[in-house]
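Asks:
Protein chains: 2
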Amino acid sequence: MTNTSENSRFLKACRREEVDATPVWFMRQAGRYMPEYRKLREKYTLLEMVAQPELAAEVTLQPIKAFKMDAAILFADILLPLKPMGVDFEFVKGKGPQVHNPVRTAADVAALKPVDTEASLGHVMEAIRILRGELTETPLIGFCGAPFTVASYMIEGGPSKDYRIAKSMMYNAPEVWHAFMEKLTTVLVNYLMAQIDAGAQAVQIFDSWVGALNGPDYEAFAMPYSKRILDAAHATGVPVIHFGVGANTILPLMKKAGGDVIGLDWRIPLDKGWDIVGHDRGVQGNLDPVTLFSTPELLEKRVKDILRRADNRPGHIFNVGHGILQHTPNENVKAVVEMVHEFSKR
Amino acid sequence: MTNTSENSRFLKACRREEVDATPVWFMRQAGRYMPEYRKLREKYTLLEMVAQPELAAEVTLQPIKAFKMDAAILFADILLPLKPMGVDFEFVKGKGPQVHNPVRTAADVAALKPVDTEASLGHVMEAIRILRGELTETPLIGFCGAPFTVASYMIEGGPSKDYRIAKSMMYNAPEVWHAFMEKLTTVLVNYLMAQIDAGAQAVQIFDSWVGALNGPDYEAFAMPYSKRILDAAHATGVPVIHFGVGANTILPLMKKAGGDVIGLDWRIPLDKGWDIVGHDRGVQGNLDPVTLFSTPELLEKRVKDILRRADNRPGHIFNVGHGILQHTPNENVKAVVEMVHEFSKR
Numbered sequence: 027m028t029n030t031s032e033n034s035r036f037l038k039a040c041r042r043e044e045v046d047a048t049p050v051w052f053m054r055q056a057g058r059y060m061p062e063y064r065k066l067r068e069k070y071t072l073l074e075m076v077a078q079p080e081l082a083a084e085v086t087l088q089p090i091k092a093f094k095m096d097a098a099i100l101f102a103d104i105l106l107p108l109k110p111m112g113v114d115f116e117f118v119k120g121k122g123p124q125v126h127n128p129v130r131t132a133a134d135v136a137a138l139k140p141v142d143t144e145a146s147l148g149h150v151m152e153a154i155r156i157l158r159g160e161l162t163e164t165p166l167i168g169f170c171g172a173p174f175t176v177a178s179y180m181i182e183g184g185p186s187k188d189y190r191i192a193k194s195m196m197y198n199a200p201e202v203w204h205a206f207m208e209k210l211t212t213v214l215v216n217y218l219m220a221q222i223d224a225g226a227q228a229v230q231i232f233d234s235w236v237g238a239l240n241g242p243d244y245e246a247f248a249m250p251y252s253k254r255i256l257d258a259a260h261a262t263g264v265p266v267i268h269f270g271v272g273a274n275t276i277l278p279l280m281k282k283a284g285g286d287v288i289g290l291d292w293r294i295p296l297d298k299g300w301d302i303v304g305h306d307r308g309v310q311g312n313l314d315p316v317t318l319f320s321t322p323e324l325l326e327k328r329v330k331d332i333l334r335r336a337d338n339r340p341g342h343i344f345n346v347g348h349g350i351l352q353h354t355p356n357e358n359v360k361a362v363v364e365m366v367h368e369f370s371k372r
Numbered sequence: 027m028t029n030t031s032e033n034s035r036f037l038k039a040c041r042r043e044e045v046d047a048t049p050v051w052f053m054r055q056a057g058r059y060m061p062e063y064r065k066l067r068e069k070y071t072l073l074e075m076v077a078q079p080e081l082a083a084e085v086t087l088q089p090i091k092a093f094k095m096d097a098a099i100l101f102a103d104i105l106l107p108l109k110p111m112g113v114d115f116e117f118v119k120g121k122g123p124q125v126h127n128p129v130r131t132a133a134d135v136a137a138l139k140p141v142d143t144e145a146s147l148g149h150v151m152e153a154i155r156i157l158r159g160e161l162t163e164t165p166l167i168g169f170c171g172a173p174f175t176v177a178s179y180m181i182e183g184g185p186s187k188d189y190r191i192a193k194s195m196m197y198n199a200p201e202v203w204h205a206f207m208e209k210l211t212t213v214l215v216n217y218l219m220a221q222i223d224a225g226a227q228a229v230q231i232f233d234s235w236v237g238a239l240n241g242p243d244y245e246a247f248a249m250p251y252s253k254r255i256l257d258a259a260h261a262t263g264v265p266v267i268h269f270g271v272g273a274n275t276i277l278p279l280m281k282k283a284g285g286d287v288i289g290l291d292w293r294i295p296l297d298k299g300w301d302i303v304g305h306d307r308g309v310q311g312n313l314d315p316v317t318l319f320s321t322p323e324l325l326e327k328r329v330k331d332i333l334r335r336a337d338n339r340p341g342h343i344f345n346v347g348h349g350i351l352q353h354t355p356n357e358n359v360k361a362v363v364e365m366v367h368e369f370s371k372r
């Protein structure tokens with residue numbers, strides 16, 4: 027069957043409308059585990075690829091062509107706004123992003139530069155425009171990191187196990203923390219609005235590390251800033267997906283912050299998670315990405331279990347509970363997409 | 027006030043008996059953040075210190091002397107049983123434990139050696155005997171890792187973000203996984219029993235990484251082995267603490283596996299966590315260890331909040347929700363211990 031993208035399964039599910047089958051896409055699907063992508067990566071760094079709109083668009087399309095995903099997610103990175111703010115970083119193999127000048131003091135925050143989105147991140151919007159020209163049936167998702175998650179990299183200087191430096195700033199220099207979050211949120215709002223203006227048909231806010239926070243810290247230090255972004259996106263009319271990992275105890279607060287669709291990781295059965303979120307919102311998830319390294323038999327069992335728990339209620343988007351991993355067997359990705367469509371056919 | 031150790035606040039709380047004040051100890055308290063310990067570490071590696079019973083006992087006592095903790099936890103490491111099994115590892119600064127010959131195949135599992143606990147880990151039991159001679163009022167906690175957590179290091183070769191290799195073994199070679207867990211569990215049971223025989227007055231099973239698993243995987247691949255250890259420890263009559271992190275969605279299963287006291291991390295309010303666990307068990311937690319880097323004002327607020335939620339119900343042991351971090355300001359540790367005692371006085 028064919029859809030125009032505005033009438034696609036994915037956007038319908040975002041709006042909690044009836045669909046012909048459950049839509050499926052995979053976080054971080056834009057290429058990284060695919061041979062087509064790995065081949066391009068031999069020639070370019072990730073940041074070089076993101077900086078070239080044609081290349082970013084090409085990578086975005088790879089999984090759509092190969093696996094018939096129900097949505098395309100722009101090939102980009104949540105850390106792209108850092109360099110325009112004056113915070114330099116690089117991706118180091120085996121270590122993840124390494125920030126050269128972490129933000130730790132009031133002076134560091136004061137030194138953060140305002141960002142002219144189109145001037146410094148225009149290549150992202152250009153990739154979106156190219157993609158909207160190419161994608162006729164598949165909707166395009168834009169995204170940004172949530173302020174807490176982006177700030178945690180900027181403060182810690184890279185991935186962290188305990189977020190000691192970031193939380194210490196919250197606790198011991200709350201005025202520095204809040205000044206930082208204000209600035210960062212403004213940059214992120216403008217960046218996400220520009221993506222929507224350029225043609226993103228839905229957006230996702232990635233709060234990947236929010237699971238490190240307890241409820242009171244989330245409410246005081248992260249939620250107001252996430253809410254600003256979620257509200258701004260919501261006001262444009264595009265569906266908004268609000269994603270976290272390991273955040274099952276703060277799902278009610280994440281819902282309160284905003285989002286038409288709330289992400290569920292694999293730690294909670296989908297029906298229980300949806301009960302907590304409330305049926306007035308959609309949910310996205312919740313396959314453990316490591317399951318994609320298993321057998322067709324186990325995958326079938328897990329896919330069926332998730333679909334059974336979703337019970338064809340309008341508003342479920344099938345996805346992994348966290349980004350798809352490198353080295354994921356491509357045949358399993360293909361199999362899961364087919365299974366979701368087949369087993370959920372209305 | 028004085029207690030004999032058997033009549034101490036800590037053991038009473040483990041048995042859900044009334045106490046004069048809430049007992050408090052800190053996971054990984056045995057020295058690592060203390061200047062006294064750092065000084066010893068200039069001369070010895072962690073494994074050298076553990077191997078010398080006098081030194082291990084000395085480190086165990088450091089926080090008892092400095093902070094009047096209500097329980098002492100043996101200075102040791104959950105990975106100590108690896109070398110006797112033939113799996114070599116070392117602690118590498120900035121990387122954590124690095125296993126030289128990870129266990130990944132049926133042949134690797136077959137090659138694992140049975141362990142003569144007293145011959146190869148007797149130094150741990152010797153440290154316990156020394157400590158029982160020195161500690162008159164403070165009870166001593168022995169411990170081991172839960173099979174899943176220990177196996178995850180042995181399979182992955184070190185810390186992991188996704189447990190891809192460990193979970194892949196569960197999914198794709200379940201017979202190898204189960205054979206491995208059988209062997210490992212036998213070693214861990216014997217090791218823990220030897221600690222109890224030597225004088226450990228309570229034991230804790232550390233399933234630090236169990237939060238990576240969803241319910242079905244925990245139930246099929248981890249829980250039966252944890253249960254074997256928990257049952258064996260329980261049968262001796264000493265109180266058993268069952269600890270996990272990020273495991274809030276599987277708390278009912280962890281309770282089912284066993285434990286007189288269930289650990290709660292900081293992601294769940296203590297009263298909600300205790301409701302899930304059930305009031306027929308004690309709970310231990312649930313301060314975010316990073317809070318110890320904050321101000322006396324915030325610490326007081328958080329300590330009072332936890333105590334208010336515990337509501338003086340018998341069976342609460344105050345602790346951090348995960349191990350205390352290096353560089354933790356010692357004056358804050360002292361302050362929290364004093365606050366817990368003062369604010370919880372019956």
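Listed in order, the protein sequences are those of chains A and B. Everything in the first sequence is counted per the numbering used here, starting at 27 for the first residue and increasing by one. Everything in the second sequence is counted per the numbering used here, starting at 27 for the first residue and increasing by one. Every residue, glycine too, gets a C-beta built ideally from N, C-alpha and C.
(1) Are at least three pairs of beta-carbons, each pair with one atom in the segment 90-101 of chain A and one in the segment 113-132 of chain A, less than 8 Å apart?
(2) From the DSSP output, in three-state form, read off Phe52(B) for me.
(3) Under the rule that 16 or more other beta-carbon atoms within 10 Å means buried, what is Val118(B), buried or exposed?
(4) Using the C-alpha atoms, what's the distance from Gly341(A) back to Ala47(A)?
(5) For Arg328(A), which residues in the same chain have their Cβ closer than 7 Å to its Cβ, ignoring the five residues on either side in sequence?
(6) In whole angstroms, what separates the C-alpha of Glu182(A) from that of Ser34(B)?
(7) Can you give the Cα-Cα distance for Asp257(B) and Met219(B), rounded to whole angstroms?
(8) Classify His305(A): buried if its beta carbon has 16 or more other beta carbons within 10 angstroms, exposed otherwise.
(9) What is the C-beta distance between Ser252(A) and Ile222(A), in whole angstroms, given that I count them as a contact (C-beta under 8 Å)?
(10) Unbroken alpha helix (DSSP H) runs of length 4 or more, entirely within the segment 124-207 of chain B: which are they?
(11) For Met280(A), which residues of its own chain have a beta-carbon under 7 Å away from its beta-carbon, when the five flanking residues on both sides are left out?
(12) Are Leu105(B) and Val176(B) touching if we call contact CB-CB under 8 Å?
(13) Would you kindly work out how many angstroms separate the C-alpha atoms of Leu324(B) and Tyr197(A), rounded to a whole number?
(14) At the level of alpha carbons, what is the spacing between Ile294(A) and Thr143(B)?
(15) I want to see whether chain A comes within less than 8 Å of Ser320(B), judged by CB atoms only; does it?
(16) Under 7 Å Cβ-Cβ, which residues of chain B neighbour Thr175(A)?
(17) State buried or exposed for Gln227(A), treating a residue as buried only when at least 16 other CB atoms are found within 10 Å of its CB.
(18) Which residues of chain A have a Cβ atom closer than 9 Å to the Cβ of Gly241(B), listed in chain order?
(19) Identify, in the order they occur along the chain, each residue of the same chain with its Cβ nearer than 6 Å to the Cβ of His353(A), setting aside the five sequence neighbours on each side.
(20) Tell me Lys229(A)'s beta-bridge partners as DSSP assigns them.
(21) Can you find a CB in chain B that lies within less than 8 Å of the CB of Trp300(A)?
(22) Quick one, which of Lys139(A), Gly311(A), Gly148(A), Ser31(A) has its alpha-carbon nearest Glu80(A)'s?
(23) Excluding the 5 residues preceding and the 5 following Thr28(B) in the sequence, name in chain order all residues of the same chain whose CB lies nearer than 7 Å to its CB.
(24) How big is the Cα-Cα spacing for Leu37(A) and Leu166(B)?
(25) Taking the straight line between their C-alpha atoms, what separation do you get for Lys65(B) and Ile332(B)?
(26) First and last residue of the alpha helix (DSSP H) that includes His367(A)?
(27) Closer than 7 Å by beta-carbon distance: list the chain B residues that pair up with Asn274(A), in chain order.
(28) Ignoring anything shorter than 4 residues, give me the alpha helix (DSSP H) runs that lie fully in the segment 284-314 of chain A, in order along the chain.
(29) Just the Cα atoms here: how many angstroms apart are Gly349(B) and Asp337(A)?
(30) Alpha carbon to alpha carbon, what distance is there between Pro107(B) and Ala172(B)?
(31) To the nearest angstrom, how far is it from the Cα of Tyr179(B) to the Cα of Glu116(B)?
(32) Applying the criterion that 16 or more other CB atoms from any shown protein chain within 10 Å of the CB defines a buried residue, is Glu84(A) buried or exposed?
(33) Thinking C-alpha only, which one of Ala192(B), Ala102(B), Lys282(B), Lys209(B) is nearest Gln78(B)?
(34) With DSSP as the reference, label Thr28(A) as helix, strand or coil.
(35) What number of angstroms, rounded off, separates the C-alpha of Val76(A) from the C-alpha of Met151(A)?
(36) Among Arg339(B), Ala246(B), Arg335(B), Glu364(B), which has the Cα closest to the Cα of Pro322(B)?
Replies: From the atom records:
(1) The segment 90-101 of chain A, when compared against the segment 113-132 of chain A, does not touch it at the 8 Å Cβ threshold.
(2) For the purposes of this step, residue 52(B) is taken as the residue at position 26 of the second sequence. Here Phe52(B) sits in coil by DSSP.
(3) Counting from 1 along the second sequence, the entry for residue 118(B) is found at position 92. Exposure of Val118(B) is indicated by the presence of fewer than 16 other C-beta atoms within 10 angstroms of its C-beta.
(4) For the purposes of this step, residue 47(A) is taken as the residue at position 21 of the first sequence. For the purposes of this step, residue 341(A) is taken as the residue at position 315 of the first sequence. Whole-angstrom Cα-Cα distance: 11 Å.
(5) In the first sequence, counting from the first residue as 1, residue 328(A) sits at position 302. Closer than 7 Å at the Cβ level, and outside the excluded window around Arg328(A), lie Leu313, Thr317.
(6) Taking the first residue of the first sequence as 1, we reach residue 182(A) at position 156. Taking the first residue of the second sequence as 1, we reach residue 34(B) at position 8. So the alpha carbons of these two residues sit roughly 41 Å apart.
(7) Taking the second sequence and counting its residues from 1, one reaches residue 257(B) at position 231. Taking the second sequence and counting its residues from 1, one reaches residue 219(B) at position 193. Cα to Cα, the separation comes out at about 11 Å.
(8) Here residue 305(A) refers to the residue found at position 279 of the first sequence. By the neighbour-count rule (16 or more Cβ atoms within 10 Å), His305(A) is not buried but exposed.
(9) Within the first sequence, numbered from 1, the residue matching residue 252(A) stands at position 226. Within the first sequence, numbered from 1, the residue matching residue 222(A) stands at position 196. Contact doesn't hold; Cβ gap of about 17 Å is too wide.
(10) Whole alpha helix (DSSP H) segments, 4+ residues: 132-136, 143-160, 173-182, 190-198.
(11) By one-based count along the first sequence, residue 280(A) stands at place 254. The residues are His268, Gly270, Ala273, Ile288.
(12) Working through the second sequence from its first residue, we reach residue 105(B) at position 79. Working through the second sequence from its first residue, we reach residue 176(B) at position 150. Yes. Within cutoff.
(13) As a first step, residue 324(B) must be located in the second sequence, where it is residue number 298. As a first step, residue 197(A) must be located in the first sequence, where it is residue number 171. Using only the alpha carbons, I get a separation of about 7 Å.
(14) For the purposes of this step, residue 294(A) is identified with residue 268 of the first sequence, where counting begins at 1. For the purposes of this step, residue 143(B) is identified with residue 117 of the second sequence, where counting begins at 1. So the two alpha carbons sit approximately 39 Å from each other.
(15) Indexing the second sequence from 1 puts residue 320(B) at position 294. For Ser320(B), the answer is yes, since a Cβ of chain A falls inside 8 Å of its Cβ.
(16) Walking along the first sequence from the start, residue 175(A) turns up at place 149. Near Thr175(A) there are no residues of chain B at all, since even the closest Cβ is about 15 Å away, more than 7 Å.
(17) The residue you call residue 227(A) lines up with position 201 of the first sequence. Counting Cβ neighbours within 10 Å, Gln227(A) comes out buried, since at least 16 surround it.
(18) For the purposes of this step, residue 241(B) is taken as the residue at position 215 of the second sequence. Result: Arg293, Ile294, Pro295.
(19) As a first step, residue 353(A) is located in the first sequence; it is residue number 327 there, counting from the start. Around His353(A): no qualifying Cβ.
(20) As a first step, residue 229(A) is located in the first sequence; it is residue number 203 there, counting from the start. Correcting the residue identity first, residue 229(A) is Val in this sequence and not Lys. In DSSP, Val229(A) forms a bridge with Gly168(A), Val266(A).
(21) Counting from one through the first sequence, the residue named residue 300(A) turns up at place 274. It does not: the Cβ of Trp300(A) has no partner Cβ on chain B nearer than 8 Å.
(22) Residue numbering aside, residue 80(A) sits at position 54 when the first sequence is read from its first letter. Of Lys139(A), Gly311(A), Gly148(A), Ser31(A), the residue nearest in Cα terms is Gly148(A).
(23) On the second sequence, residue 28(B) is found 2 positions in, with the first residue counted as 1. Any answer about Thr28(B) is weak, because its pLDDT of 43 lies below 50 and its placement is not dependable; what the coordinates show is given next. Around Thr28(B): Glu163.
(24) Taking the first residue of the first sequence as 1, we reach residue 37(A) at position 11. Taking the first residue of the second sequence as 1, we reach residue 166(B) at position 140. So the alpha carbons of these two residues sit roughly 59 Å apart.
(25) The count along the second sequence starts at 1 and reaches residue 65(B) at position 39. The count along the second sequence starts at 1 and reaches residue 332(B) at position 306. Approximately 34 Å between the Cα atoms of the pair.
(26) Mapped onto the first sequence, residue 367(A) falls at position 341. His367(A) -> alpha helix (DSSP H) spans 356-369.
(27) The residue labelled residue 274(A) in the question sits at position 248 within the first sequence. Within chain B, the residues near Asn274(A) are Asn274, Thr275.
(28) 296-303
(29) Walking along the second sequence from the start, residue 349(B) turns up at place 323. Walking along the first sequence from the start, residue 337(A) turns up at place 311. For Gly349(B) and Asp337(A), the distance between alpha carbons rounds to 41 Å.
(30) Taking the first residue of the second sequence as position 1, residue 172(B) is located at position 146. Taking the first residue of the second sequence as position 1, residue 107(B) is located at position 81. Answer to the nearest angstrom: the Cα atoms are 12 Å apart.
(31) Position 153 of the second sequence, counted from the start, is the residue given in the question as residue 179(B). Position 90 of the second sequence, counted from the start, is the residue given in the question as residue 116(B). Distance between the alpha carbons of Tyr179(B) and Glu116(B) is about 12 Å.
(32) Here residue 84(A) refers to the residue found at position 58 when the first sequence is read from its first residue. By the neighbour-count rule (16 or more Cβ atoms within 10 Å), Glu84(A) is buried.
(33) Looking up residue 78(B) in the second sequence gives position 52. When C-alpha distances from Gln78(B) are compared across Ala192(B), Ala102(B), Lys282(B), Lys209(B), the shortest belongs to Ala102(B).
(34) On the first sequence, position 2 is the one that residue 28(A) refers to. Note on Thr28(A): pLDDT 43, under 50, position unreliable in the model; the coordinate value appears next. Here Thr28(A) sits in coil by DSSP.
(35) Counted from its first residue, the first sequence places residue 76(A) at position 50. Counted from its first residue, the first sequence places residue 151(A) at position 125. Val76(A) and Met151(A): Cα-Cα distance of roughly 11 Å.
(36) Within the second sequence, the letter at position 296 stands for residue 322(B). Comparing Cα-Cα distances from Pro322(B) to each of Arg339(B), Ala246(B), Arg335(B), Glu364(B), the minimum goes to Glu364(B).
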